[in-house]
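**Student:**
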Amino acid sequence: MLEITPLTADDPPVITAAFAAIGWDKPQAQYARYLDEQTADERPVLVARWDGDFAGYVTVLWETGYAPFREAGIPEIQDFNVLPHYRRRGIGTALMDAAEALIAGRSATAGIGVGLYPDYGPAQRLYVLRGYVPDGRGLAWNQAQVAPLQTVQVDDDLALYFTRTLRQAEALSA
Numbered sequence: 032m033l034e035i036t037p038l039t040a041d042d043p044p045v046i047t048a049a050f051a052a053i054g055w056d057k058p059q060a061q062y063a064r065y066l067d068e069q070t071a072d073e074r075p076v077l078v079a080r081w082d083g084d085f086a087g088y089v090t091v092l093w094e095t096g097y098a099p100f101r102e103a104g105i106p107e108i109q110d111f112n113v114l115p116h117y118r119r120r121g122i123g124t125a126l127m128d129a130a131e132a133l134i135a136g137r138s139a140t141a142g143i144g145v146g147l148y149p150d151y152g153p154a155q156r157l158y159v160l161r162g163y164v165p166d167g168r169g170l171a172w173n174q175a176q177v178a179p180l181q182t183v184q185v186d187d188d189l190a191l192y193f194t195r196t197l198r199q200a201e202a203l204s205a
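Numbering-wise (our numbering), the sequence shown opens with residue 32 and increments by one.
1) Does DSSP put Ile238 in a helix, a strand or coil?
2) Please report whether the beta-carbon of Gln181 lies at a distance below 9 angstroms from any beta-carbon of chain D.
3) Tell me whether Arg80 sits in a helix, a strand or coil according to DSSP, three-state version.
4) Where does Val45 sit, in a helix, a strand or coil, going by DSSP?
5) Express the C-alpha separation of Glu102 and Thr124 in angstroms, rounding to a whole number.
6) In whole angstroms, what separates the C-alpha of Ile122 from that of Ile105?
7) Under 7 angstroms Cβ to Cβ from Thr39, same chain only, skipping five residues before and after it: list those, please.
8) What are the complete alpha helix (DSSP H) segments, minimum 4 residues, inside the region 145-192?
9) For the pair the region 164-175 and the region 127-137, tell me if three or more CB-CB distances fall below 8 angstroms.
10) Could you check the C-alpha separation between Glu94 and Gln109 for me, to the nearest Å?
11) Under DSSP, the beta strand (DSSP E) around Ile35 begins and ends at which residues?
12) Quick check on the DSSP output: the beta strand (DSSP E) that includes Glu73 runs from which residue to which?
13) What are the boundary residues of the alpha helix (DSSP H) that includes Ile134?
14) Around the Cβ of Gln69, are there at least 16 other Cβ atoms within 10 angstroms (buried) or fewer (exposed)?
15) If you follow the alpha helix (DSSP H) that Glu102 is part of, which residue opens it and which one closes it?
16) From this set, Tyr62, Tyr117, Ala171, which residue's C-alpha is nearest Leu147's C-alpha?
17) Quick one: is Pro58 buried, meaning 16 or more other Cβ sit within 10 Å of its Cβ, or exposed?
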């Protein structure tokens with residue numbers, strides 16, 4: 032029923048159409064860029080299919096724009112999406128498992144940022160239940176720390192960043 036594979040050249044129009052059907056603006060150019068970044072080994076993209084139909088995806092950015100992760104060599108899980116009508120089937124968990132397995136080959140720690148308005152509620156809960164903890168640096172907007180009393184817009188660029196020590200971490204130091 033569930034298959035997870037790397038992004039292929041055939042996927043961008045399928046993904047864009049699936050999101051357009053639910054009213055989300057996910058331009059095809061974004062996935063063409065992701066495909067180029069995957070080819071350059073900068074960003075693996077994992078695509079989930081349920082009974083052959085596109086259901087969601089996640090990306091791993093090896094070198095993130097979030098300075099604390101970049102400086103510590105922590106890859107970041109980014110742009111994690113499961114279509115609403117495919118949720119509650121284990122697809123998100125399987126995508127996260129696959130992303131963390133990729134990261135474990137290069138790093139003992141996985142990082143992730145999550146938005147702060149209600150649309151991100153399910154993701155916030157999932158990350159905490161998976162063992163992710165805040166990185167202790169507070170809020171970031173456009174991947175930069177928000178200073179006390181600084182005014183920022185609550186949008187997709189306002190995030191709290193989390194890390195998780197991966198189970199496979201011991202194997203990296205052995």
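Heads up, the beta-carbon is just placed ideally off N, CA and C, and yes, glycines get one too.
Treat the numbers as computed from the prediction; the structure is a model and nothing was measured.
**Tutor:** Concretely, from the data shown:
1) This structure leaves residue 238 out entirely; the chain is present only between 32 and 205.
2) Note that chain D does not occur in the displayed structure, where there is just one protein chain.
3) strand
4) helix
5) 28 angstroms
6) 24 angstroms
7) none
8) 152-160
9) no
10) 11 angstroms
11) 33-37
12) First-last for Glu73: undefined, no H or E at that position.
13) 122-135
14) buried
15) 98-103
16) Ala171
17) exposed
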